[in-house]
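In what follows, a single structure is set out as structure tokens and then discussed.
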Amino acid sequence: MSEIRTRFAPSPTGKLHIGGLRTALYNWLYAKNHGGKFLLRIEDTDRTRLVEGAVQNIIDNLRWAGLSYDNEPVIQSQRQDLYRQAAEELVNKKLAYRCFCTPQRLEQLRQIQQAKKLPTHYDGHCRNLSAPEVAAGLADQRPSVIRFALPQHGTVTFTDQVRGEVRFNLATLDDQILMKSDGFPTYHLASVVDDHDMKISHVIRGEEWLPSTPKHILLYQAFGWTAPHFAHLPLLLNPDRSKLSKRTGDVAVDEYRTAGYLPEAVVNFILLMGWNPGTDQELFRLPEMVQQFSLEHINKSGAVFNRDKLDWFNGQYLRQKSVDELVTLARPYLLSAGIKNVDDTAYLQQVIALEQKRIGKLSDLPGLIEYFFSPPKIDVSALPWRKQKPSEAAQILREISQFLGNFTQKDFTIQDLETNMKAFVRDHGGANGPVLWPMRYALSGRPASPGPLEIAAVLGRQETCRRLERAASLVIDQS
RNA sequence: GCCGCCAUCGUCUAACGGUUAGGACGCCAGGUUCUCAACCUGGUAAUCGGGGUUCGAUUCCCCGUGGCGGUACCA
755 MSEIRTRFAP SPTGKLHIGG LRTALYNWLY AKNHGGKFLL RIEDTDRTRL VEGAVQNIID
815 NLRWAGLSYD NEPVIQSQRQ DLYRQAAEEL VNKKLAYRCF CTPQRLEQLR QIQQAKKLPT
875 HYDGHCRNLS APEVAAGLAD QRPSVIRFAL PQHGTVTFTD QVRGEVRFNL ATLDDQILMK
935 SDGFPTYHLA SVVDDHDMKI SHVIRGEEWL PSTPKHILLY QAFGWTAPHF AHLPLLLNPD
995 RSKLSKRTGD VAVDEYRTAG YLPEAVVNFI LLMGWNPGTD QELFRLPEMV QQFSLEHINK
1055 SGAVFNRDKL DWFNGQYLRQ KSVDELVTLA RPYLLSAGIK NVDDTAYLQQ VIALEQKRIG
1115 KLSDLPGLIE YFFSPPKIDV SALPWRKQKP SEAAQILREI SQFLGNFTQK DFTIQDLETN
1175 MKAFVRDHGG ANGPVLWPMR YALSGRPASP GPLEIAAVLG RQETCRRLER AASLVIDQS
């Protein structure tokens, strides 16, 4: 059996799309699963839609996701000779022809056909132009394209690797434009020529390509080439079930990346949108995916992008990280949120270890741990525990502060605090009593946070007592 | 309009003729807990409709319906 070779062939018209990443992932997985090659090709034949930086963005994000490609990327705009020769070959074989029809005429034609409820396709107006007529047109420098001369009867049947047998009636197909008047090839010509040239064995691409696949197969036949296997992936959908697009949320991989989603989570999530392992397993790292991936388990129907589940995956992987890794990942987010003193690694480690279970995504982190870096705002009305009066809360806070200040031990660790505070808490109404809530709130300024003793252990004796006193004094000031 | 693809809980999906239709996310309840998170336990909720085929259809066939995609000198 010959080598399995797949490719990802994005058009650099914008940032890498999450759907594109999934297509890349499936191609990559299929190649790796078979010990084959995964290639990258940049389809930049539409000169009007190029976006600066798009190629780099695609490459960066593939790398971020861990999808490495073999060889240098193939750039279509650098291979115009190849396409021109291919088109000429077809013209010489009378399987393609030059067409001088204007866009206006084509538009008119379409409208008439639609009005008559006929399939809309090119009427073959230029199909039988004589050699002198073509020569005259070219001599006059009239804009022209090269069209594929499709057989006009019969059917094209092929077996899609995910959909099974698919059949198209040739009478409904168009004499597709192969070369545009600007001298660049269209997708159809370029992708067929390149896939053949790159010896691609399996074309795994989005479902939007299914309707043009018969034309591609006919092109392979026209060239006398063997067509690759095709697998058309189900679309990724918006919540309203339309094709996933910008208007209902983030679609650029970049956006998930900067929001603080881990590549493990994003990749795991998109893996399962359109593929399943046939078991109940949900958590996959790259090597496991490679091992288990197969085309047979790809789904046929579109999948709605479900952000809640992505968040869940992110939480799973975030909690699997070591504190060290998390500190490294977190620093840029803290810095950009204006938290400056992040150089004390030991301190950061303690803070993050405490909050790890609460991180949804990395961009949430600054807001979550801010109070470890500057004294929190205290809302006095939130300070009292249940029916407690503010003055009582203040009183308790002073007592705690005093108690902690009188700590005989040198250490101020969580173990010390627990053993020493035990009696104190018991004497003041127990764990469900009036101590823990005001203390925790005074230290964190948050209705929800880690426990007060844990926070105190990280803050240290001095800062802990200072915050307790400060919160207590706010109550006095108000009364 | 024409062509094509698709159709199981709200969402992602399993069940390749015989299951109390399974799992996950979400949601709800309980446990744990000063709070939150995490974790554990339980619950909620689905085969688009109609015809066939079959002893038996989620599963196979046909017809509807619905959704989506394509119908560009865009990919």
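Going by this note's numbering, the first residue of the first sequence is number 755, and it counts up by one from there.
Glycine included, each C-beta is placed from N, C-alpha and C at the ideal position.
Spatial neighbours of E757 in its chain, beta-carbon cut-off 6 angstroms, leaving aside the 5 residues before and after: Closer than 6 angstroms at the Cβ level, and outside the excluded window around E757, lie G790.
9 angstroms Cβ cutoff met for N1068 and K997: A distance of 9 angstroms or more separates the beta carbons of N1068 and K997.
Three-state secondary structure assigned by DSSP to L964: In the three-state reduction of the DSSP assignment, L964 falls in the helix class, which pools H, G and I.
At least 3 beta-carbon pairs within less than 8 angstroms: the region 857-868 vs the region 958-965: No: the two stretches stay apart, fewer than three of their Cβ pairs being nearer than 8 angstroms.
Beta-carbon proximity of R1194 to G1159, cut-off 9 angstroms: At least 9 angstroms separates the beta-carbon of R1194 from that of G1159.
Bridge partner(s) assigned by DSSP for M933: For M933, which the question treats as bridged, DSSP gives the partners I900, P939.
H914 - containing beta strand (DSSP E), residue span: Residue identity check: residue 914 is Asp in the sequence provided, not His. Here the beta strand (DSSP E) through D914 covers 909-914.
Identified DSSP bridge partners for L990: DSSP lists A1057 as the beta-bridge partner residues of L990.
Under 9 angstroms between C-beta atoms of Y780 and L987: In terms of Cβ geometry, Y780 and L987 form a close pair [threshold 9 angstroms].
Cβ-based neighbour list, V947, same chain, cut-off 7 angstroms, excluding 5 preceding and 5 following: Cβ within range, chain order: L836, Y837, A840.
Status (buried if at least 16 other CB within 10 Å, exposed otherwise) for R776: Around the beta-carbon of R776, 16 or more other beta-carbon atoms lie within 10 Å, marking it buried.
L1228 versus K1131 - alpha carbon distance: C-alpha of L1228 to C-alpha of K1131: approximately 11 angstroms in a straight line.
Neighbourhood of A1091 by C-beta, 7 angstroms cutoff - its chain only, sequence neighbours within 5 removed: Only P1120 meet the Cβ criterion.
Spatial neighbours of T1099 in its chain, beta-carbon cut-off 8 angstroms, leaving aside the 5 residues before and after: Closer than 8 angstroms at Cβ, skipping near neighbours: V1081.
Terminal residues of the beta strand (DSSP E) in which R759 lies: Following the DSSP letters along the chain, one finds R759 inside the beta strand (DSSP E) bounded by residues 759-762.
Option in A1019, K847, N1060, L804 with minimal Cα separation from D994: Restricting attention to A1019, K847, N1060, L804, the CA atom closest to the CA of D994 is found in N1060.
Residue(s) in a DSSP beta bridge with E853: One point to set straight first is that residue 853 is Cys, not Glu, in the sequence displayed. DSSP output for C853 lists V899 as bridge partner(s).
Opening and closing residue of the beta strand (DSSP E) in which K791 lies: 791-796 is the span of the beta strand (DSSP E), which, as asked, contains K791.
Where E1042 falls: helix, strand or coil (DSSP): Three-state result, E1042: helix.
Residue environment, G937, which counts as buried when at least 16 other CB atoms sit within 10 Å: An exposed status is given to G937, since fewer than 16 other beta-carbon atoms sit within 10 Å of its beta-carbon.
Nearest residue (CA-CA) to R795, options V828, R803, V805, N811: Of the listed residues, the one whose Cα sits closest to R795 is V828.
Paired residues, beta bridge with A985 - DSSP: According to DSSP, A985 bridges with I958.
Endpoints, the beta strand (DSSP E) within which V920 is located: Counted as a single uninterrupted DSSP element, the beta strand (DSSP E) harbouring V920 occupies residues 918-923.
Beta bridge counterpart(s) of L769 as assigned by DSSP: Rather than Leu, the amino acid found at residue 769 in this sequence is Lys. According to DSSP, which records beta bridges pairwise, K769 is partnered with nothing at all.
A903 versus E842, Y1125, A889, residue with shortest Cα-Cα distance: Between A903 and the set E842, Y1125, A889, the nearest pair of CA atoms involves E842.
Length at least 4, wholly inside the region 1103-1155: the alpha helix (DSSP H) runs in chain order: DSSP runs (the alpha helix (DSSP H)) wholly in the region 1103-1155: 1119-1123.
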